[in-house]
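If you read the sequence shown in our numbering, its first letter stands for residue 119, the second for the next number, and so on.
Okay, structure first, notes after.
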Amino acid sequence: NFLWLHTLSTFRGKLYSVQIDPKVIEKIKTLGVENYTSLLDILEPIELVVVAVPGVVAPKILEDYLQKRVADQEENQ
119 NFLWLHTLST FRGKLYSVQI DPKVIEKIKT LGVENYTSLL DILEPIELVV
169 VAVPGVVAPK ILEDYLQKRV ADQEENQ
């Protein structure tokens, strides 16, 4: 479970999870990773997004990411 989280366990930067399933959120929290229900809820700038969702959901994730990037850039100007 959560192979990507285990793979990045030695990463020195900040990791966030975006998950909406309450059962899965609890499991992610046991790994010490902060979870959000939307990319837009993450206050810090995001450098990298790893997306592992069904194809029908991917466009929404990309839309949220682009919206977040624009908001971050406007905030830093």
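C-beta atoms are modelled at their ideal positions from N, C-alpha and C, and glycine is treated no differently.
These numbers were taken from a predicted model, which means no experiment stands behind them.
Option nearest residue i by Cα separation, candidates the options
i           : options               : result
residue 157 : 131, 126, 123 and 135 : 135
residue 161 : 191, 180, 169 and 145 : 191
Pair within 7 Å by beta-carbon distance, residue i and residue j
i           : j           : result
residue 183 : residue 171 : no
residue 188 : residue 179 : no
The beta strand (DSSP E) enclosing residue i, as first and last residue numbers
i           : result
residue 152 : 152-154
residue 136 : 134-136
Beta-carbon contacts of residue i that lie in its chain and below 8 Å, excluding the five residues immediately before and after
i           : result
residue 133 : 123, 126, 151 and 152
residue 146 : 120, 123, 135, 137 and 153
residue 131 : 165
Own chain, CB closer than 7 Å to residue i, minus 5 neighbours either side, in chain order
i           : result
residue 185 : 158
Unbroken alpha helix (DSSP H) run spanning residue i, endpoints
i           : result
residue 190 : 176-193
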